[in-house]
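A short write-up of the structure that comes next.
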Amino acid sequence: MTVSTMTGSTLPTLKNGDSGDAVRFLEQLLSSIYWFGLQQGRPSLITNLVIFDAQYDSQCQQVVTEFQKNYNAIFPFPSPDITVDGVVGPQTWKALADAIFKYTY
C-alpha cells in the first residue's frame, strides 16, 4: 500500500483488537506524520509514537484518537471534522493521506 493509492473505500476499518498488514501500514503512516511534523516544525498531530508490531492495541488506539482530535483542530477547512473515536474508517484514512501530503510537500 502507498499513500498515493489510499482511499477510504479500499482500506479496511481498523479498531482495537485488529492485526495484520493494514495495521502495520497504519503504524507506518502515524510514525511518518510524527517525524515529518517534528522535522518541519509544524503543529503536532501526534505526540506519541506507535510500536511497530502490526497490533491495533490500546496504545495504537490512543495515538489514532490523538491524531483525529488534532487533525480537526489544525486542519478545520475545507474538510469536515473526522469522528474522534479511535477507529480508523474512511474519514480517518482520508485524513491520514491528507496529513501526509500536507506534511511532506
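With numbering that gives the first Met the number 0 applied, the sequence shown has no gaps in its numbers, which climb one by one up to 104 at the end.
We put the beta carbon where it would ideally sit given N, CA and C, even for glycine.
Exercise. Which stretch, first to last residue, makes up the alpha helix (DSSP H) that contains residue 62?
Worked result: 57-73
Problem set entry | Cutoff 7 Å; reference residue 3; Cβ partners in own chain excluding five residues on either side | In this predicted model, residue 3 has a pLDDT of only 45, less than 50, meaning its place in the structure is not dependable; the value taken from the coordinates is given anyway. Counting only Cβ-Cβ distances below 7 Å, and skipping sequence neighbours, we find nothing.
Problem set entry | DSSP three-state assignment for residue 87, whether helix, strand or coil | strand
Exercise. Residue 18 to residue 11, Cα distance in whole Å?
Worked result: 11 Å
For this session: State yes or no: is the C-beta of residue 43 within less than 8 Å of the C-beta of residue 36?
Result: yes
Exercise. Where does residue 85 land, buried or exposed, given buried means 16+ other C-beta within 10 angstroms?
Worked result: buried
Exercise. Exposed or buried, which one is residue 116 when buried takes at least 16 other CB atoms within 10 Å?
Worked result: This structure gives no information on residue 116, because the portion of the chain shown stretches from 0 to 104.
Exercise. How many angstroms separate the CA atom of residue 74 from the CA atom of residue 68?
Worked result: 10 Å
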